[in-house]
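Report on one structure; see the data block that follows.
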Amino acid sequence: MKKVAMMIRNYLYGVLSYFRHHITNAIEEELNSKIATMQKKAYGYRNKEHLKTAIYFHCGNLQLYPGSDKSRVASV
20 MKKVAMMIRN YLYGVLSYFR HHITNAIEEE LNSKIATMQK KAYGYRNKEH LKTAIYFHCG
80 NLQLYPGSDK SRVASV
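Residue numbers (the numbering used here): 20 to 95.
Structure representation (structure tokens):
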């Protein structure tokens with residue numbers, strides 16, 4: 020029971036803030052998750068610039084072939 024009371028006490032401000040402002044950090048958490056995944060996959064990259072390029076590519080929703088039919092289908 021003490022654990023539940025402490026949990027409510029610790030998270031109450033954030034929960035009330037959500038209902039007051041309807042703002043969450045879900046987008047930032049998703050972005051951080053994508054970057055962490057890229058860092059795990061980056062074991063084979065030769066330098067940090069390659070990792071940086073991969074992060075921009077995957078988090079920026081860039082198309083590998085911008086002029087192809089696949090890019091038009093993905094944007095619809």
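Note that the Cβ used here is the ideal one computed from N, Cα and C, for glycine as well.
Taking C-beta separations shorter than 7 Å and ignoring five residues to either side along the sequence, ILE42 has no partners in its chain. The continuous alpha helix (DSSP H) containing MET57 extends over residues 45-60.
Excluding residues up to 5 positions away in sequence, LEU70, ALA73 lie with their Cβ nearer than 8 Å to the Cβ of TYR64 in the same chain.
In the structure shown, the three-state DSSP call for ASN80 is coil. Under the three-state reduction of DSSP output, HIS41 falls in the coil class, being neither helix nor strand.
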